[in-house]
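Here is the structure we will look at.
Residue numbers (this note's numbering): 181 to 394.
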C-alpha cells in the first residue's frame with residue numbers, strides 16, 4: 181500500500197470517527213446520562229459492533245466525547261483569559277464562560293460529570309471517577325500554566341500556580357454543580373461571589389515581567 185492510499189484511508193477513518201462523535205453528541209444533547217450505545221448506533225445508522233470497532237467500548241466513546249467538549253471549553257476559557265480587559269473583568273469573564281457552558285448544555289454536563297444518573301437496570305454505565313477526574317485535572321493543569329506564565333507569585337511560583345490552578349477549577353466545578361442543580365441565584369450573582377472569593381491575592385499579585393499580563 182503506497183503512502184497516498186494510507187493517507188486517504190486515514191482521512192476517511194478520521195472523518196467517519198467525527199461523524200460518529202457528532203451522532204453521539206446529538207443523542208447526549210437529547211438524553212444526557214441516559215444516552216446508550218444502542219441509541220448512538222441507531223442515530224449514526226450503524227450497528228453497535230461497528231461503534232465498538234471505532235471506540236473500543238463505552239468508556240472509549242465517553243473519553244472521546246469528553247476530549248471533544250473539554251477542548252472546546254478550554255478554547256473558550258483561553259479566549260476569555262486573553263480578552264483585552266482589566267484583571268477583575270477577565271476573572272469574572274472566565275468564571276462566566278465556564279458557567280455559561282454548563283448552563284447552555286446541561287445534558288452534556290450531566291453526561292460528562294454524572295453519567296450514572298441515567299443508567300438503566302442491567303446497564304453498567306460509566307465509571308464517573310475514572311473518566312471525569314482526568315477532565316478536571318487537565319483543566320487545572322492548563323489554568324496553572326496560564327497563572328505561572330502571567331502572574332508574579334514570587335518564590336515557589338510554579339508550585340503555587342498549580343495549587344491555584346487546581347483550586348480554582350475545583351471551586352468552579354463544585355460551585356457550578358451545586359448552582360446548576362438548585363439555581364439559588366442568578367449566574368451573574370454567582371460569578372461576582374466567586375470572583376470576590378478569589379480576588380484578594382489575585383489583586384495583590386503583579387504581572388510576570390515579560391509575560392502577556394493578567
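From the three backbone atoms N, C-alpha and C, an ideal C-beta is built for every residue, glycine too.
When DSSP assignments are scanned along the stretch 194–225, no uninterrupted stretch of beta strand (DSSP E) that is 3 or more residues long falls wholly within it. 287 is the residue among 229, 257, 274, 287 whose C-alpha sits nearest the C-alpha of residue 206.
Per DSSP, the unbroken alpha helix (DSSP H) holding residue 371 starts and ends at 367–384. Here the stretch 351–367 does not lie against the stretch 240–250, with fewer than 3 beta-carbon pairs under 8 angstroms apart.
In the three-state reduction of the DSSP assignment, residue 343 falls in the helix class. Scanning the stretch 222–271 from its first residue to its last, the whole alpha helix (DSSP H) runs of 4-plus residues come out as 228–235, 238–262. With 16 or more other CB atoms across the displayed protein chains lying within 10 angstroms of its CB, residue 326 is buried. Counting the other Cβ atoms within 10 Å of the Cβ of residue 215 gives 16 or more, which makes it buried. A contact is defined here as three or more CB-CB pairs under 8 angstroms, and the stretch 261–275 fails this definition with respect to the stretch 216–227.
Close CB contacts of residue 320 within its chain, under the 7 angstroms cut and outside five residues either way in sequence, are with 345, 346, 349 (chain order). For the pair residue 329 and residue 236, the CB atoms are not nearer than the 8 angstroms cut-off. Between residue 279 and residue 273, the alpha-carbon positions lie close to 10 angstroms from each other. Between residue 342 and residue 322, the alpha-carbon positions lie close to 9 angstroms from each other. Around the CB of residue 389, fewer than 16 other CB atoms lie within 10 Å, so the residue is classed as exposed. Straight through space, the alpha carbons of residue 335 and residue 213 are spaced by roughly 44 angstroms. The three-state secondary structure of residue 331, taken from DSSP, is strand. For residue 281, the closest alpha carbon among the candidates 252, 267, 294, 266 is that of 252. Note on geometry: alpha-carbon atoms of residue 360 and residue 202 lie some 25 angstroms from one another.
Counting along the chain, residue 388 sits inside no alpha helix (DSSP H), nor does DSSP assign it H or E at all.
Taking all protein chains in view, the Cβ of residue 387 is surrounded by fewer than 16 other Cβ atoms within 10 Å, so the residue is classified as exposed.
With a threshold of 16 other beta carbon atoms within 10 Å, residue 277 meets it and is buried. When rounded, the separation of the alpha-carbon atoms in residue 362 and residue 373 is 16 angstroms.
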